[in-house]
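So the sequences go chain by chain: A and B. With the numbering used here, you'll find the first sequence wraps up at 198, consecutive numbering, no jumps. With the numbering used here, you'll find the second sequence wraps up at 1198, consecutive numbering, no jumps. Since the structure comes first, as structure tokens, the remarks are kept for the end.
Protein chains: 2
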Amino acid sequence: MTRGLTDRQAQVLEFINNFLSRQGYPPTVREVAAQFGFRSPRAAHDHMKALQKKGFLRAAPGLPRALNVVGHAKHIPLLGRIAAGQPMLAVEEADEYLDLDPTFFGHGSFFALSVRGDSMVGDHIQEGDLVILRSQADAFSGEVVAVLLEDEVTLKHFHPVADGVELRAANPLVKTIKVRPEDSLRILGVMVGLVRKV
Amino acid sequence: MTRGLTDRQAQVLEFINNFLSRQGYPPTVREVAAQFGFRSPRAAHDHMKALQKKGFLRAAPGLPRALNVVGHAKHIPLLGRIAAGQPMLAVEEADEYLDLDPTFFGHGSFFALSVRGDSMVGDHIQEGDLVILRSQADAFSGEVVAVLLEDEVTLKHFHPVADGVELRAANPLVKTIKVRPEDSLRILGVMVGLVRKV
DNA sequence: ATTCATACTATACGCAGGTTTAGGTTAGGG
DNA sequence: CCCTAACCTAAACCTGCGTATAGTATGAAT
Chain A
1 MTRGLTDRQA QVLEFINNFL SRQGYPPTVR EVAAQFGFRS PRAAHDHMKA LQKKGFLRAA
61 PGLPRALNVV GHAKHIPLLG RIAAGQPMLA VEEADEYLDL DPTFFGHGSF FALSVRGDSM
121 VGDHIQEGDL VILRSQADAF SGEVVAVLLE DEVTLKHFHP VADGVELRAA NPLVKTIKVR
181 PEDSLRILGV MVGLVRKV
Chain B
1001 MTRGLTDRQA QVLEFINNFL SRQGYPPTVR EVAAQFGFRS PRAAHDHMKA LQKKGFLRAA
1061 PGLPRALNVV GHAKHIPLLG RIAAGQPMLA VEEADEYLDL DPTFFGHGSF FALSVRGDSM
1121 VGDHIQEGDL VILRSQADAF SGEVVAVLLE DEVTLKHFHP VADGVELRAA NPLVKTIKVR
1181 PEDSLRILGV MVGLVRKV
């Protein structure tokens, strides 16, 4: 929950988080400015100052890249549910964060989903597991993907077929979903890992 | 596996790791130098260059704090095998490290084991999974434990019975092991989590 | 014997980057 | 209607920090 932040401030914070997980170190003021097309570092600096004042960021004065995103909000956002109708996955929806080694699962932007139901037990993915996904809008055949289908997020095997896409579960009791090209299917990411707390 | 590194280089790498986890951002060359009492940044820079050449560190040239520690170094040691006859689990035996949020699985001292075989498929633990364990020498009935039995480490359900201990697998094809009190059974830790890389 | 890698001191160059000063525009609240 | 906050440009200041040059010392390897 990013309460009390303006849109721009939330965007800046999100960028800093993404930069951190992709690069392994925080961005400079100018790198933030470049991301948003600011012609002066001052603009980025202002937003970062505001984030500090509101307690979302800590910075050691004078030192380059000496940033801390507070509120243990780092690395991998854990998305419980996805708001319907959003054009993009907003990080603001994240309830919690997982602090994992960002290089452990490879490169890219990641998020986590808590698994509900037993549609993937065949792959030894059980209820309550946290599935780690790399954000991407396409997938290879056979990969496990998180898809947004009619305002619901599900985890399925992705299989393109002649006249659309089949979404298969790893549970014989759950029947395959057939998606036509005209249906609103969006791939949120592909599974790259799993974390279980017992 | 910190082989191929000199003592100093290993110390520098460890410091960079510690700095990273405490501060949230990597140190500068001069901060490394200060830590070791070097009177010239050149000394630290040399060691960091050596670490880069050996593949333990990546650095963007010219940019301050733009460091990446490669090769998963920290927090949870991943134990592939356990040397026989050792009185304690020496952390030096670790081949690799997992960098997880240390508070994610609770408190204590942790290590990880790579799962071989399918004796725990009933619990949805499959080959190649990394099982996270809290180091402790005892366990409650029913908990999943890693035990050292005749120079071999196995993952089993722990069940004390009248005349000893039963170690049960989560696979009907694998038969239960009965351990008498006089046998050399040592519990290494209890399972607290699981990480899977797909 | 003499090359090499390790491990440092001392000094300095130059630019990346945090920060400041000095503005401008827009929207909202009292 | 003023006042503040948000949001930005432009230009400059100055120091932190990566890096280079020039050495010294040691020990292992060839």
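The beta carbon of each residue, even a glycine, is placed where N, CA and C say it ideally should be. All values reported here derive from a predicted model rather than from experimental measurement.
Inset, instruction - Look at the alpha carbon of proline 160(A) and the alpha carbon of threonine 176(A), and state the distance between them as a whole number of angstroms. - result: One alpha carbon belongs to proline 160(A), the other to threonine 176(A), and they sit about 12 angstroms apart.
Inset, instruction - Keeping to the same chain, check which residues put their C-beta closer than 6 angstroms to that of leucine 1020(B); ignore five residues upstream and five downstream. - result: Same-chain partners within the cutoff: Pro1026.
Inset, instruction - List the DSSP bridge partners of asparagine 1068(B). - result: Arg1058(B)
Legend entry - Residues from the region 1023-1053 of chain B in contact with chain A, defined by Cβ distance under 7 angstroms: Gly1024, Tyr1025 and Pro1026
Inset, instruction - Please list the partners that arginine 1186(B) has in chain A, where partner means a Cβ-to-Cβ separation under 9 angstroms. - result: Near arginine 1186(B) there are no residues of chain A at all, since even the closest Cβ is about 21 angstroms away, more than 9 angstroms.
Inset, instruction - Measure from the C-beta of glutamine 126(A) to each C-beta in chain B and report whether the shortest distance is under 8 angstroms. - result: yes
Legend entry - Option nearest glycine 1055(B) by Cα separation, candidates Lys1178(B), Gln1009(B) and Glu1127(B): Gln1009(B)
Legend entry - Distance between alanine 50(A) and valine 1115(B) (C-alpha atoms, nearest Å): 47 angstroms
Inset, instruction - Out of Gly24(A), Arg22(A), Gly122(A) and Val32(A), state which residue places its alpha-carbon closest to the alpha-carbon of glutamine 11(A). - result: Val32(A)
Inset, instruction - Look at the alpha carbon of phenylalanine 1015(B) and the alpha carbon of histidine 1047(B), and state the distance between them as a whole number of angstroms. - result: The alpha-carbon atoms of phenylalanine 1015(B) and histidine 1047(B) are separated by roughly 12 angstroms.
Legend entry - Cα-Cα separation between valine 147(A) and arginine 196(A), rounded to whole angstroms: 21 angstroms
Legend entry - Coil, strand or helix - methionine 1120(B) by DSSP: Reduced to three states, the DSSP call for methionine 1120(B) is coil.
Legend entry - Beta-carbon spacing of proline 1064(B), arginine 65(A) below 8 angstroms: It is a contact, given that the beta carbons lie within the stated cut-off.
Legend entry - Reference glycine 1122(B), options Asp1007(B), Ala1170(B), Met1191(B) and Gly1004(B), closest by Cα: Ala1170(B)
Inset, instruction - Name, in chain order, the residues that DSSP records as bridge partners for leucine 1167(B). - result: Phe1158(B) and Ile1177(B)
Legend entry - CA-to-CA distance, asparagine 68(A) to methionine 1191(B), given in whole angstroms: 32 angstroms
Inset, instruction - May I ask you to list, following chain order, the residues of the region 1136-1155 of chain B that have a beta carbon less than 8 angstroms from some beta carbon of chain A? - result: Listed by position along the chain: Val1144.
Legend entry - Spatially closest choice to methionine 1120(B) from Pro1172(B), Phe1140(B) and Ser1141(B), by CA coordinates: Relative to the Cα of methionine 1120(B), the nearest Cα in the group Pro1172(B), Phe1140(B) and Ser1141(B) belongs to Pro1172(B).
Legend entry - Residues near glutamate 207(A) by beta carbon distance below 6 angstroms, same chain, minus five either side: Because chain A is modelled from 1 through 198, residue 207(A) falls outside the range shown and cannot be assessed.
Inset, instruction - Check the Cβ-Cβ distances between arginine 1168(B) and every residue of chain A, and say whether any is below 8 angstroms. - result: no
Legend entry - The beta strand (DSSP E) enclosing arginine 1042(B), as first and last residue numbers: Careful: arginine 1042(B) lies outside any beta strand (DSSP E), inside the alpha helix (DSSP H) at 1041-1053.
Inset, instruction - Mind reading off the beta-carbon distance from valine 153(A) to leucine 188(A)? Whole number of angstroms is fine, and I expect it under 8 angstroms. - result: 7 angstroms
Inset, instruction - Below 8 angstroms on the Cβ atoms is my guess for valine 1145(B) versus alanine 1137(B); work out the distance and round it to an integer in Å. - result: Actually they are not in contact, since the Cβ atoms of valine 1145(B) and alanine 1137(B) sit about 10 angstroms apart, beyond 8 angstroms.
Inset, instruction - Could you tell me whether any Cβ in chain B is nearer than 8 angstroms to the Cβ of asparagine 68(A)? - result: yes
Inset, instruction - Look up alanine 146(A) in the DSSP assignment and give the residues it is bridged to. - result: Answer is Leu155(A) and Gly189(A), bridged to alanine 146(A).
Legend entry - Endpoints, the beta strand (DSSP E) within which alanine 112(A) is located: 110-114
Inset, instruction - Please go through the same chain and pick out, in chain order, the residues whose beta-carbon is closer than 8 angstroms to the beta-carbon of aspartate 129(A), but skip the five residues on each side of it. - result: Ser114, Val115, Leu194, Val195 and Arg196
Inset, instruction - Buried or exposed for histidine 72(A), please, with buried defined as at least 16 other CB atoms from any protein chain shown within 10 angstroms of its CB. - result: With a pLDDT of only 39 at histidine 72(A), under 50, the local geometry of the prediction cannot be trusted, and no value is derived from it.
Legend entry - Cβ neighbours of serine 141(A) in the same chain (closer than 8 angstroms, five flanking residues each side left out): Its chain contains Phe158, His159 and Pro160 as the residues whose beta carbon lies nearer than 8 angstroms to that of serine 141(A), once the 5 sequence neighbours on both sides are disregarded; these appear in chain order.
Inset, instruction - Would you list, in chain order, the members of the region 4-17 of chain A that have their beta-carbon closer than 7 angstroms to a beta-carbon of chain B? - result: Within the region 4-17 of chain A, no residue has a Cβ that lies closer than 7 angstroms to any Cβ of chain B.
Inset, instruction - Taking 8 angstroms as the cut-off, decide whether the C-beta atoms of leucine 1013(B) and leucine 1057(B) are in contact. - result: yes
Inset, instruction - Determine whether the Cβ of valine 1174(B) lies closer than 8 angstroms to any Cβ atom of chain A. - result: no
Inset, instruction - Just the C-alpha distance for proline 1181(B) and lysine 1156(B), rounded to the nearest angstrom, thanks. - result: 17 angstroms
Inset, instruction - Can you pull the chain B residues whose beta carbon is under 7 angstroms from the beta carbon of valine 115(A), in chain order? - result: Within 7 angstroms Cβ-Cβ: nothing; valine 115(A) doesn't reach chain B, min ~11 angstroms.
Legend entry - C-alpha gap between phenylalanine 110(A) and aspartate 1183(B), whole angstroms: 47 angstroms
Inset, instruction - Confirm, please, whether the CB-CB distance from valine 179(A) to glycine 164(A) is below 8 angstroms. - result: yes
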